[in-house]
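So the structure is just underneath, and the comments pick up after that.
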């Protein structure tokens, strides 16, 4: 009897850990519009003259005390609804983003602080909060919008739209945000859960590009063990996407581009699968065929496999 109870307890603990592992995670950011309006962005000009806007999150938290309050309020409401919360401020402390940007090459300047944080923290959802207030005597009206993006595709998956709350007698921002967001957060949460349900059923969406280096044999039409390399790659992708769900947007002698490939949410160890980890499987497969390659990624959900030495 004692052994049976221990076994049941072990199974329940295991199931609890598994449920926790598949819980969607999110990170709350000030929106680009908020950063622009409040002066927390810098513009970097690349050698080709292209301007890149970089949001200065670290500076924003230091100089604007209201931002920390807003992020905490939004995060708290989502945590109450079962989401795992990843702390943007803590992530900023663990990275030297300014040094990374200072040392970035011209090609890498488009990899912003946002991209670096997303790649490092790896949330499922990025939530962007934008808000401002208008004062009329002692009364305040809050305007806000909350928008959620799939962290792997950057596609919008939920939004409150622009909402106005008030006017109300002047109260601290924390209370104002708490009251305002409570009126729209459940409908917003329902949109998020519908998106996550879709991911669990159909797989996580990423994009994949396959290229060969200049002059590498016959490119993707190279014959490998009696088959054309392009066909071998497509067969591997078909076999390793969830239910063979993928869409090839283009294919040439030197390049293949999949604008959508549905990959498993988690590996056998229960860890989230990113584009990099998934493409390592393709690289290993090609290595067994004697085809050299390397994996490059941008963010969580954009992967590139470069073939050739």
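Numbering (our numbering), first residue to last: 49 to 357.
All residues carry an ideal CB built from backbone N, CA and C; glycine is no exception.
> In its own chain, which residues sit with a C-beta less than 6 Å from the C-beta of residue 361, not counting the 5 before and 5 after it?
Replying inline: With the chain represented from 49 up to 357, any question about residue 361 goes unanswered, as that position is not in the structure.
> Taking C-beta to C-beta, are residue 302 and residue 351 nearer than 9 Å?
Replying inline: The count along the chain shown starts at 1 and reaches residue 302 at position 254. The count along the chain shown starts at 1 and reaches residue 351 at position 303. Contact annotation: residue 302 and residue 351 have beta-carbon atoms that are not nearer than 9 Å.
>> Using a Cβ distance threshold of 8 Å, determine whether the region 234-249 contacts the region 272-280, with at least three qualifying pairs required.
In response: Cβ pair count under 8 Å is below three, so no.
> Measuring CB to CB, does residue 77 end up less than 9 Å from residue 119?
Replying inline: Locating residue 77 in the chain shown gives position 29, counting from the first residue. Locating residue 119 in the chain shown gives position 71, counting from the first residue. Yes, they are a contact pair.
> Which runs of the beta strand (DSSP E), 3 residues or longer, sit entirely within the region 95-124?
Replying inline: Taken in chain order, the whole beta strand (DSSP E) runs of length 3 or more contained in the region 95-124 are 99-103.
>> Quick check on the burial criterion: 16 or more other C-beta atoms within 10 angstroms. Buried or exposed for residue 231?
In response: The count along the chain shown starts at 1 and reaches residue 231 at position 183. Residue 231 comes out exposed.
> Would DSSP call residue 184 helix, strand or coil?
Replying inline: Taking the first residue of the chain shown as 1, we reach residue 184 at position 136. When secondary structure is reduced to three states using DSSP, residue 184 falls in the strand class.
> Which of helix, strand or coil does DSSP assign to residue 131?
Replying inline: As a working mapping, residue 131 is identified with position 83 in the chain shown. It is coil, neither helix nor strand.
>> According to DSSP, is residue 335 part of a helix, a strand, or is it coil?
In response: Taking the first residue of the chain shown as 1, we reach residue 335 at position 287. Residue 335 falls in the helix class under three-state DSSP.
> residue 137 by DSSP, collapsed to three states: which one?
Replying inline: Locating residue 137 in the chain shown gives position 89, counting from the first residue. In this structure, residue 137 counts as helix in the three-state DSSP scheme.
>> Taking 6 Å as the limit between beta carbons, can you name the residues of its chain near residue 294, skipping five residues before and five after?
In response: Along the chain shown, one-based indexing puts residue 294 at 246. Around residue 294: 285, 306 and 309.
>> If contacts are defined as beta-carbon pairs under 8 Å, then residue 171 and residue 203 qualify, I think. What distance do you get, rounded to the angstrom?
In response: Here residue 171 refers to the residue found at position 123 of the chain shown. Here residue 203 refers to the residue found at position 155 of the chain shown. 15 Å between Cβ atoms; not a contact.
> Under three-state DSSP, which class holds residue 252?
Replying inline: Within the chain shown, numbered from 1, the residue matching residue 252 stands at position 204. Here residue 252 sits in strand by DSSP.
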